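The next block holds one structure in the form of structure tokens; read it before the comments.
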Amino acid sequence: MRSGRIEVKAPGKALIISVPALLTLYALFQDALILCASLVATLLFLCALLSAAMRVRWLAEHLSVKPESVSLRLTAGGAGIVKARFEAPKPVMLLVKHPLRFCAVKPQPTISNSEFTLEFTPNLAGSYSSDRLDVEADAALGLFTAKVSLPFKTDVAVIPRVVPAAVRALELIGSTASPGGSIYEYPLIHKVGKGTEYAETREYTPGDEFRRIDWKATARLQKLMIKHFHEEVGGEVNLIFDLKAAGPASTDAAAAEFLNLATALSAENMPYRITVVDAENRIKTLRFEDWRQALLAAVKYALASVKVDYTYLYDVIGPQSSRELMLLTKIAAGETLLDSAGAQKDRGWMDAVAVTCLIGDLTWLINIWDEALKHGGRLIVHAPSKVWLDSPSLEEAYMNYQRQARILKLLRKRGIEVKVY
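Sequential numbering of the sequence shown, starting at 55, is according to my numbering.
Structure follows, in structure tokens:
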């Protein structure tokens, strides 16, 4: 059902105030000119009001939206675009607003009988719906605004960021042909350094060893070139998941980043352990002999942190992926997927990758960095780029942004590599 109303703009409010003011002046001074001015102002106001009422009626009767409904399925943090148009007998300049706060209408203002865009950018998972589109147009003399709500059905299903990450992880596990194999049979991490396996040839920089000069490349390119070799280092990556977050959006983003990193390490045959830091900074480390167990543990911790509805995953995976569904069923049922993970042999670790929202006491992070230095490794911190998403007010959002900027600056100053997601 279409509804419309009239809203007084600032010039209209000024005109309303001027009429009683002029009548008061006329009562005081009995000036015919003041009386004429008050009558003109009153007539102008009534004509503008009548014009606004007619504009509201015209918009309600002749303006329509095509298509009349849209249905979207998005991932939190993603974007969805819908093209639509207003149909009317003649062109009208319109300002359009969608009731869903994460929907932006472009361009503004919009002209009827031309295409406009609805851009949906939700940050929180959930089901959202609306049954209208709010439209406004200026009436005569710009004293009033004619506002009309047009029927426009919108249904947006937003799944958490961690769901696609979990699906990719389960697909990686399910696509492996040999369930008995293990990537951890060869726990060697390659990095450029001293060794015998050739890595690359690059131009000389001050500090390079002269005995590494590639004479053939130097003669061919007419500039000093240096050979580099792979250095084989036994050990594994320490993948750290900090469970502390400012709110649901930050929690979801951190869980997805953690799970994406675990999937990438598994796909690249990089052995890794998982370290979980809880809300009280208690640290729990899990080691694994089989990469599938490591990745399943990552899926379980990521989904548990977000408290995701498992029906999302069943819907995304589909009925054809029986192996992934079986693994998901086990996780949803709380079945133990770790085969004495904490009792596995410690291979030592070199690099540490921490997914954290940088909340609370960060002493544990500095301790892990010190430990990485002792092993000749490094610490890489993955932090959210939009730390203000869960802030209840604009002021608090700015304070959280400034706080994170200071922490990131201090971390970089210490030599810690920082990446934002």
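All C-beta atoms in this analysis are idealised placements derived from N, C-alpha and C, irrespective of residue type, glycine included.
Computed from a prediction, not measured in an experiment: that's the story for all the values here.
| field | Inter-residue spacing [alpha-carbon to alpha-carbon] between A459 and S439 | value | Position 405 of the sequence shown, counted from the first residue, corresponds to residue 459. Position 385 of the sequence shown, counted from the first residue, corresponds to residue 439. A459 and S439 have their C-alpha atoms spaced approximately 10 Å apart.
| Does DSSP put V119 in a helix, a strand or coil? | Within the sequence shown, numbered from 1, the residue matching residue 119 stands at position 65. If DSSP states are grouped into helix, strand and coil, V119 belongs with the strands.
| task | Taking V291 as the reference, give the member of L357, L315, D306 and H282 with the closest Cα. | result | The residue labelled residue 291 in the question sits at position 237 within the sequence shown. For the residues L357, L315, D306 and H282, the minimum Cα distance to V291 belongs to L315.
| query | Which partner residues of L126 appear in the DSSP bridge assignment? | reply | If you number the sequence shown from 1, residue 126 lands on position 72. Answer is V210, bridged to L126.
| task | Excluding the 5 residues preceding and the 5 following W418 in the sequence, name in chain order all residues of the same chain whose CB lies nearer than 7 Å to its CB. | result | Within the sequence shown, numbered from 1, the residue matching residue 418 stands at position 364. Its chain contains V331, N335 and I337 as the residues whose beta carbon lies nearer than 7 Å to that of W418, once the 5 sequence neighbours on both sides are disregarded; these appear in chain order.
| field | 8 Å Cβ shell around T129 - same chain, five flanking residues per side excluded | value | Along the sequence shown, read from residue 1 onward, the residue named residue 129 stands at position 75. The residues are V212, I213, P214, R215, V217 and P218.
| request: For my contact list, L117 and S184 are in at a C-beta cut-off of 8 Å; report their separation, rounded to the angstrom. | output: The count along the sequence shown starts at 1 and reaches residue 117 at position 63. The count along the sequence shown starts at 1 and reaches residue 184 at position 130. The C-beta distance from L117 to S184 rounds to 18 Å, too long to fall under 8 Å, and the pair is not in contact.
| query | Thinking C-alpha only, which one of R139, L104 and A106 is nearest K120? | reply | Against the sequence shown, residue 120 aligns to sequence position 66. Considering only R139, L104 and A106, the residue with the shortest C-alpha distance to K120 is R139.
| Among E122, F156, I135 and A133, which residue has its Cα nearest to the Cα of E141? | Looking up residue 141 in the sequence shown gives position 87. Cα-wise, what sits closest to E141 is E122.
| request: Could you please give the first and the last residue of the uninterrupted alpha helix (DSSP H) stretch that includes N292? | output: Position 238 of the sequence shown holds residue 292. Where N292 is concerned, there is no enclosing alpha helix (DSSP H), although the beta strand (DSSP E) it sits in stretches over E290 to D296.
| message | According to DSSP, simplified to helix, strand and coil, what is A138? | response | For the purposes of this step, residue 138 is identified with residue 84 of the sequence shown, where counting begins at 1. Three-state result, A138: strand.
| message | Taking the straight line between their C-alpha atoms, what separation do you get for G228 and S320? | response | Within the sequence shown, numbered from 1, the residue matching residue 228 stands at position 174. Within the sequence shown, numbered from 1, the residue matching residue 320 stands at position 266. For G228 and S320, the gap between their C-alpha atoms comes out near 13 Å.
| query | Cβ of A451 within 7 Å of Cβ of S445? | reply | Position 397 of the sequence shown, counting from 1, holds the residue named residue 451. Position 391 of the sequence shown, counting from 1, holds the residue named residue 445. Contact: yes.
| task | Would you mind stating whether D405 and G431 have Cβ atoms separated by less than 7 Å? | result | In the sequence shown, residue 405 corresponds to position 351, counting from 1. In the sequence shown, residue 431 corresponds to position 377, counting from 1. Yes, the pair counts as a contact, with Cβ atoms nearer than the cut-off.
| query | Which whole runs of the beta strand (DSSP E) in the stretch 313-371 are 3 residues long or more, in chain order? | reply | Entirely contained in the stretch 313-371, the beta strand (DSSP E) runs reaching 3 residues are, in chain order, 326-331 and 337-340.
| With burial defined as no fewer than 16 other Cβ atoms inside 10 Å of the residue's Cβ, what is the status of I461: buried or exposed? | On the sequence shown, residue 461 is found 407 positions in, with the first residue counted as 1. Buried: at least 16 other Cβ atoms inside 10 Å.
| field | Sheet register partners of V94 (DSSP bridge) | value | The residue given as residue 94 occupies position 40 in the sequence shown. None; V94 has no bridge partner.
| request: Throw me the rounded Cβ distance for the T410 and D296 pair, which I believe falls under 8 Å. | output: Walking along the sequence shown from the start, residue 410 turns up at place 356. Walking along the sequence shown from the start, residue 296 turns up at place 242. Between D296 and T410 the Cβ distance is about 4 Å, and since that is below 8 Å, they are a contact.
| message | I'd like to know if the stretch 190-207 and the stretch 342-349 are in contact, where contact means that at least 3 CB-CB pairs between them fall below 8 Å. | response | At 8 Å Cβ cutoff, the stretches do not touch.
| request: List the residues that DSSP assigns as beta-bridge partners of D188. | output: Counted from its first residue, the sequence shown places residue 188 at position 134. Partner(s): K151 and S203.
| Pick from W442, L427, F198 and A408 that is closest to I328, judged by C-alpha positions | Here residue 328 refers to the residue found at position 274 of the sequence shown. For I328, the closest of W442, L427, F198 and A408 by C-alpha to C-alpha distance is A408.
| field | From V210, T171 and C157, residue whose alpha carbon lies closest to that of A179 | value | If you number the sequence shown from 1, residue 179 lands on position 125. It is V210 whose Cα lies nearest to the Cα of A179.
| V146 - DSSP class collapsed to helix/strand/coil | The sequence position of residue 146 within the sequence shown is 92, counting from 1. Residue state, collapsed to three classes: coil.
| task | Leaving out five residues on either side along the sequence, give the residues of the same chain with a beta carbon under 7 Å from the beta carbon of L79. | result | Translated into positions along the sequence shown, residue 79 becomes position 25. Sequence-distant Cβ neighbours of L79 in its own chain, meaning closer than 7 Å and more than five residues away, are I88.
| request: Please report how far the alpha carbon of L76 lies from the alpha carbon of M147, in whole angstroms. | output: Here residue 76 is taken as the residue at index 22 of the sequence shown, counted from 1. Here residue 147 is taken as the residue at index 93 of the sequence shown, counted from 1. One C-alpha to the other measures close to 34 Å.
| DSSP on S166, reduced to helix/strand/coil? | Translated into the one-based positions of the sequence shown, residue 166 becomes position 112. In this structure, S166 counts as coil in the three-state DSSP scheme.
| task | In angstroms with no decimal places, state the Cα-to-Cα distance between I413 and L427. | result | Taking the first residue of the sequence shown as position 1, residue 413 is located at position 359. Taking the first residue of the sequence shown as position 1, residue 427 is located at position 373. CA-CA distance, I413 to L427, rounds to 23 Å.
| message | Using DSSP's beta-bridge definition, name the partner residues of A406. | response | Here residue 406 refers to the residue found at position 352 of the sequence shown. In DSSP, A406 forms a bridge with N292 and L433.
| message | Quick check on I267: does DSSP put it in helix, strand or coil? | response | Looking up residue 267 in the sequence shown gives position 213. In the structure shown, I267 adopts extended strand secondary structure according to DSSP, grouped into three states.
| Reduced DSSP category for Y258 - H, G, I as helix; E, B as strand; rest coil | Walking along the sequence shown from the start, residue 258 turns up at place 204. Reduced to three states, the DSSP call for Y258 is coil.
| task | With a 10 Å radius around its C-beta and 16 neighbouring C-beta atoms as the bar for buried, classify P176 as buried or exposed. | result | Taking the first residue of the sequence shown as 1, we reach residue 176 at position 122. Under this definition P176 is a buried residue.
| message | Give me the residue from L172, L224 and E225 with the minimum Cα distance to F206. | response | Looking up residue 206 in the sequence shown gives position 152. Taking only the C-alpha atoms, the option nearest F206 is L172.
| request: Assign I470 to one of three DSSP states: helix, strand, or coil. | output: For the purposes of this step, residue 470 is taken as residue 416 along the sequence shown, with counting starting at 1. Reduced to three states, the DSSP call for I470 is coil.
| said: Helix, strand or coil for L197? Go by DSSP, reduced to three states. | reply: Your numbering for residue 197 matches position 143 in the sequence shown. For L197, the three-state secondary structure derived from DSSP is coil.
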